[in-house]
Structures are given as C-alpha cells and as structure tokens.
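For reference, the structure is listed below as structure tokens.
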Amino acid sequence: MASIDVRKDICVGCGACVPACPFGAISMEDGIAVIGDACTLCGACESSCPFGAIVIRAGETGAADLDLYSGVMVIAEQRDGEVDHSTLELLGEATRLAAADESSVSVLLLTAVAGEWSGKLISCGADVVYLGLAPELAHYRTEPFAGVARRVITEKRPAVVLAAATTTGRDLMPRIAKMLDTGLTADCTALAIDPDTGGLLQTRPAFGGNILATIVCADTRPQMATVRPRVMKAIEPDPDRKGTVEELAVAPEELTCRTEVLEWLPLEEGEVDITEAEVIVSGGRGLKSPENFAMLEELAGLLDGSVGASRAAVDAGWVPYPHQVGQTGKTVQPKIYLACGISGAVQHRVGMQSSDRILAVNKDENAPIFDFCDHGFCADLFEVIPLVIREIKRRRG
Amino acid sequence: MRMVVAVKQVPDTSEVRIDEERGTLVREGVPSILNPFDEYALEEAMRWRDQLGGSVTVVTMGPPQAEAVLREAVAMGADDAVLLSDRAFAGADTWATSHTLAKAVERLGGVDVVMTGKQAIDGDTAQTGPGIAASLDWPQITFVGKVRELTEDGIVAERYVEGGCEVVRSSLPVVITVLKDANTPRLPSLRGKMKARKMEVPVWGIDDLGLTPDQVGLDGSPTRVVRIMTPENPASGEIHRGEPEEIARLIVDQLLGNEAD
Ligand SMILES: Cc1cc2nc3c(=O)[nH]c(=O)nc-3n(C[C@H](O)[C@H](O)[C@H](O)COP(=O)(O)OP(=O)(O)OC[C@H]3O[C@@H](n4cnc5c(N)ncnc54)[C@H](O)[C@@H]3O)c2cc1C
Ligand SMILES: Nc1ncnc2c1ncn2[C@@H]1O[C@H](COP(=O)(O)O)[C@@H](O)[C@H]1O
C-alpha cells in the first residue's frame, strides 16, 4: 500500500509544507511536520519541501512492457464530416512531441465520409491516417467511437493518445482510458517529453487555476491526455508532405449503441457560443442594469464578437447563464477579451485568463483585474463605451 | 427509480489565496464545501424521485471528515448515504476513483441512474462520471443541461455541447453528468437537517467493496502528480488614465489593430 513519510532526520521544521498542502492536512508538532488524516497523497508537499524530507512511496505495481508502444495518436473530432480546428492544433503538437524520439504521428478519423480530410490531415502533420468509415459514425456517439478507438489503440500501440478537451473529447477519453486501464490527464495546457524517462509530462491548471500540476503516467500505456483547444499551435499545412491512409474495417457489432441522438439543435442565429468567439465584450456588476448590456451587444456586434458576463451580472438576471464566464460558467480563450465593470475575482479570472489579449475598463484603480490584464483603462464605462462605439463607426467611415 | 449521486468534498477554491513569497497555496482557514456542481446533480435526482418515487442515495469517497458533505446532502433531501473511506483509497486519480465508486454502485444494487456533477472544482477533470460508466459498462450522457424525460424505459436528456444542444435517449441503467443549467438547488430543510444530524453513515472500506490494494488509491492510479507550481502572474500591463475621448481612442486602437485608420 502507498505511504507518505516525513523523514525525521531530514525535516528541519521549516514549515514550508504546511501552506503547500491543498487539504490543510499538515501540522507542525515538536518542530517536525506531521501528516494528518486529511492527506490524499496528492504530492504537493513532496515538491514543496526544500530538503526532500517528505517521501511518498507507491506500492508494487507491475509495469507494462513500455517499449512496445511508440508514436503519438490524435483522435480527430468531426461533425458531419467537418474536422474541428482543435484536431489540427493537436497534430501540430503531436509533430513536436514525436520529433523528440523520431517516432511517428497518426490520426484516427472516425466518420461517415472522409472527403478530402485524409489529405488535409497529412498536410497538417499526420504520417498515417487511420480511417474508420460507417454511416453510423457521422455524428459522435460515445459507445461506437470508444469501442472502435479502443480496438485501434490496442492494435497500433501508440505511446501517447491525444484528443481535444471539448465536450466530445471529455466524453470519449475517460471512457477509453478506463477500458484500457491507463491514465488520462484532463485539459492539459502544456505537454513535453521528459528527457530522462521519455515519458509525457502533462501540465494542467487545477484548483480553479490557482496551481499548475504536472502529471505523468509512468507504468501504463498509452499515456492519454485531453488538451485545451486554442492553446497548441497547428503547423502550416504543407501539401507536399507524405503520409499513408489506412482504411479500417469496422464490424457491425462495434457500432451497437445504447444511446440514440434524437435531435441536434444548433444554436440559433444570433445566439453564439461564447467559447467559439474571437472577440468577447464582457460585462459585470458595473453595468448596473440589463438595459445597459445593449451597449455591449452593439459593440460586440461591430466586432463580430459575443457578449460575456460575470456571475454577478448573471445572478442579477441581466444576462442569461450561457454567457457566464468563469469557474461555474464557460472557459473562453478569445483573441480579445474586453472586461467592462468586472472586478476580476479569481473565479472569473480562471475562465478567461488564457485569452490572447485582455483589456479592462474599470473605474476603480485597485480592481484586481488590473493586475492581470494587458491594457487597463481606469475610466467610467458609461462615458467611455459609447465613445468607443462612435469612434469605431467613424474610423470605418 | 433508484438513483445514486456521487458527491465530493472540495476545498473552497474561491477562498484559496496564493502566498506570493513562497508561491504556495494558503489553505489555512479555507473551508471544505460540497462541490458546487454536485448540488445540481443532487437536485436533479431529488426532483425525479419526488415525481416518480424511489430513492436517492449519496455516495462519497474521501477521508472520514468527508462525511460532512453526505450530511449536507441528506439535509437537502437525499434519502441515505454511504461513505467510502479507507486509508488505502488515498491518492486516487480518476481511474481509481471511478473504479471505487462503481464498486459501491454495484454493492448498492438495483441502481437505475447514477448522477455526478459536471466536474469537481479542485481537480476540474470531469472524468469521474464517464469512468464510472465505463467501469460498470453502462451507457453515459455527459454535460446534461436538462433531463426531459425519465421513465422505467429510459431517459431523454439534453447535452449542451459546442455549437448547440444534442437531445439523447438512453436505456437504463445509465450514468449522467449534470450541468448548472439543469435546475436551482433547494436549500436544506429543517426536517432534513434533523435527519442528517441523527443519521448513522455506513462506512465501506476496501474489503466491503471486494477490492484489492492495487486497484485503489495511489497504487491503483495510473497517473501521478510529479510537480505543483503556482502559475506565473502574467506581468500586468499598462494602466491608462485620461479624458474619456482619449481612453476611447486607445481602446479602439486595441480593438481594431490596424484594420482601419
Ligand atoms: C463557487 C463560486 C463560483 C463562482 N463562479 C464564478 C464564475 O463562474 N464567474 C464569475 O464571474 N464569478 C464567479 N463567482 C463569483 C465571483 O467571486 C465574483 O463575485 C464575481 O465574479 C464578481 O462579478 P463582478 O466583477 O461583475 O462584480 P463586482 O466584483 O461587484 O465588480 C464590479 C466592478 O465594476 C466596477 N464598476 C462599477 N461601476 C463602473 C463604471 N461606471 N465604470 C467602470 N467600472 C465600474 C467596479 O469598480 C468593480 O470593480 C463564483 C463564486 C463562487 C463562490
Ligand atoms: N471522491 C469522490 N467521491 C464521490 N464522487 C466523486 C469523487 N470524485 C469525483 N466525484 C464525482 O465526479 C464528478 C466529477 O469529478 P472530477 O472528475 O474529479 O472532475 C464530481 O462532480 C462528483 O460528482
């Protein structure tokens, strides 16, 4: 059984581990750290100890034959045969990872008709496209996608399997990982190969973005991760790149499914999914009333963007919940995020801090949002935003 | 309808502060709470129970003090509760957590629906629900914003996904993960609170679930955290002050870049 020990000969009682514990499980007794019952063996204290006095030991586990696995496999995401941009980003990242040990990049595309996508995937970094075609695979459904992917992974033995951390990737990957009895790291924002072990270092935000954890999957393969969209960079497509397409046989019994998609209701015209927006104009309690959001809507419209909101604005009933950004709302990564009358509480911040550029209008110069925005504007939004709208119209003539 | 809701005790991340000097989390005095997303799963299960009859059992895996969230759930209206607690469970990743929770669902027996929150606010993984479904080999419906229909014959639920809403039907038994959109959770009732205070919470350990040490906790976990750091505070940018007209021009420069001029 796994254990955690404080080495009494090494611990100097400096106390660095006490605040490092996310569970408040460590106390100092007689100048030595003592680990209490709330400990979950998360490892935060182990890395916080400047002296290496805290040791976590895992029990015996039989390691799989890791050398049998190589290369990076990307699971493509598609709807109606259109491959999602996140897949191309993953291919870009996969080529960088595969370069570390000169292994190959494959992509698994399950769909009804591949069209020209096999070629596009090769030009964007795939050495091999595994293509599974069946009319039942036109739309994502958990069971057939998981069943086929699991079989292909077992046969092809990639060392790493990546999918986007979209609702589809986050539905599919945990299912596959559990079936394959291997590890899965959610919503990674950085990946790297450990030069010592050759293993995948998977870094992700946790605790509402307050910490970054690096996670490894040492003894089982493949190493699986979902990766946050819009974080990795796709490579420039090169039509001369060479690759192969291998069509997979899909057996009818692999397509059986206990769920059925009855209806697909795309967002209505004008109703935008803020997670897809390139520009977000967001409003908080500083907007004071629902009527004032019309101003933000007009501005967002001029910029082909969407309107976001803080929880305070949503709770006040000024804006519907689908627009909420933050820990209990959506996570967004637009090119521009303009926060108007939002203080920048940590729960809001975690939902928007990976935006390319953050602009903030706030009349309080001590508002926390000014600590992490790229351009802060200390001003009254009711004066400034109408002028911004006017100025945009003027410049465009 | 026999329903199980998996709930988790989490540190209230809104209270977590960063010690800038040491670059660590300041956890002192940070309260532990019922994972906010799990309240929606619990409310959804209770609404259907109120309509169809049956029961809602809350289950958590955690250290002994995690019992508090079970009592909170019973105060809100859950019928009964089970605490999965064993020193061997410590350090579980989502593989081991879902495996352990799935065994508890099997031991409870006759369960029609398992509901979980969309994600836990400490780990933010959203992997436990699908993991339970895979362990049990049940179908799953994740990111459910609305349950339209629930009968002995099946469930119809709306998944809120990128670009729209997918209406999905599934047979029972099923695992669903619930979004905040689904409902507004009720407050604890006086009767519930009394019941919660008096209730004996059964505690199941590794032997009760027929598990072995290599399947649970840190040893049963394929993943391990090797490093924890505090994200670098992105250098805060310039703060501009001035006349509204001047500020507006600067904002438009940022918004339009070199699009126009
Ligand atoms: C478990 C939990 C989850 C949460 N999840 C989320 C979440 O997902 N998303 C979220 O946003 N919050 C969330 N919160 C709430 C969060 O803590 C804050 O309360 C919320 O973000 C504050 O919203 P706000 O910035 O609009 O309001 P306030 O904090 O009240 O800030 C309003 C700002 O507007 C400025 N202002 C006022 N008038 C003007 C004016 N005329 N011109 C310019 N500036 C002006 C003020 O100076 C102030 O800075 C959560 C909280 C908890 C406990
Ligand atoms: N230790 C646990 N005990 C009970 N339920 C859990 C536990 N961990 C996660 N869950 C459930 O799984 C959901 C998703 O958690 P996570 O995968 O950690 O983001 C939570 O909202 C809970 O419903």
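Sequences listed follow chains A and B, in order. Its first residue numbered 1, the first sequence is counted upward by one per residue in the working numbering. Its first residue numbered 1, the second sequence is counted upward by one per residue in the working numbering. Idealized CB from N, CA, C, for every residue including glycine. Please read these numbers as outputs of a predicted model, since none were measured by experiment.
For the options A:198, A:128, A:341 and A:387, the alpha carbon positioned closest to that of residue 156 of chain A is the one of A:128. Taking non-hydrogen atoms of ligand 1 into account, the C-beta of residue 312 of chain A is found less than 6 Å away from one of them. One alpha carbon belongs to residue 385 of chain A, the other to residue 367 of chain A, and they sit about 18 Å apart.
Judged by the Cβ position, residue 376 of chain A fails to qualify as a neighbour of ligand 2 at the 6 Å threshold, every heavy atom of the ligand being at least this far. Annotation for residue 362 of chain A indicates a beta carbon within 6 Å of some heavy atom of ligand 1.
Distance from residue 82 of chain B to residue 59 of chain B at the Cβ level is roughly 5 Å; contact confirmed, criterion being Cβ atoms closer than 8 Å.
Residue 56 of chain A and residue 2 of chain A do touch by the CB rule: their CB atoms are close to 7 Å apart, below 8 Å. Taking a Cβ-Cβ cut-off of 9 Å, the neighbours of residue 321 of chain A in chain B comprise 180 and 181, given in sequence order.
With three or more CB-CB distances shorter than 8 Å, the stretch 229–244 of chain A counts as touching the stretch 117–132 of chain A. Closer than 6 Å to some heavy atom of ligand 2: that does not describe the Cβ of residue 226 of chain A. Just measuring C-alpha positions, the residue of B:11, B:158 and B:241 sitting nearest residue 69 of chain B is B:11.
With contact defined as three or more Cβ pairs closer than 8 Å, the stretch 162–174 of chain B and the stretch 46–64 of chain B are not in contact.
Along the stretch 361–376 of chain A, the positions whose C-beta sits under 9 Å from a C-beta of chain B are 361, 365, 370, 371, 372, 373, 374, 375 and 376, read in chain order. Identification of residues in the stretch 134–167 of chain A having a C-beta nearer than 7 Å to some C-beta of chain B yields 142, 143, 166 and 167, given in sequence order.
At a cut-off of 7 Å between beta carbons, residue 13 of chain B contacts chain A. Under the criterion of beta carbons closer than 8 Å, residue 52 of chain B and residue 1 of chain B qualify as touching, at roughly 5 Å. Contact of residue 171 of chain B with chain A is assigned, a C-beta pair being separated by under 7 Å. DSSP assignment within the stretch 69–152 of chain A yields the following whole beta strand (DSSP E) runs of 3 residues or more, N-terminal first: 72–75, 105–111 and 128–133. For residue 215 of chain A, the closest Cβ of chain B is nearer than 7 Å. Residue 171 of chain A and residue 180 of chain A have their C-alpha atoms roughly 15 Å apart. Secondary structure at residue 193 of chain B: helix, using DSSP grouped into helix, strand and coil. Counting every other CB atom within 10 Å of its CB across the protein chains shown gives residue 144 of chain A a total of 16 or more, marking it as buried. Under DSSP, residue 171 of chain A takes part in no beta bridge, so it has no partner. In this model, residue 190 of chain A and residue 228 of chain A are separated by some 9 Å (Cα to Cα). Bounds of the alpha helix (DSSP H) holding residue 254 of chain B are 244–256. What residue 328 of chain A touches in chain B, judged by beta-carbon distance under 9 Å, is 36, 37, 121 and 180, going in chain order. Any Cβ of chain B closer than 7 Å to the Cβ of residue 47 of chain A would place that residue at the interface, and such an atom is present.
Within the same chain, 75 and 76 come within 6 Å of residue 188 of chain B by CB-CB distance, once the 5 residues on both sides are set aside. Residue 360 of chain A sits away from residue 341 of chain A, with the two beta carbons spaced by 7 Å or more. Note on residue 320 of chain A: under 16 other CB atoms within 10 angstroms of its CB, so exposed under the neighbour-count rule. Look at residue 347 of chain A: its beta carbon is less than 6 Å from one of the heavy atoms in ligand 1. According to the DSSP secondary-structure assignment, residue 32 of chain B is paired through a beta bridge with B:11. Within chain A, 142, 143, 257, 258 and 259 have C-beta atoms less than 9 Å from the C-beta of residue 139 of chain B, given in sequence order.
Taking a Cβ-Cβ cut-off of 8 Å, residue 78 of chain B has no neighbours in chain A, whose nearest Cβ is about 22 Å from it. Checking the DSSP bridge columns, you'll see residue 5 of chain A partnered with A:55.
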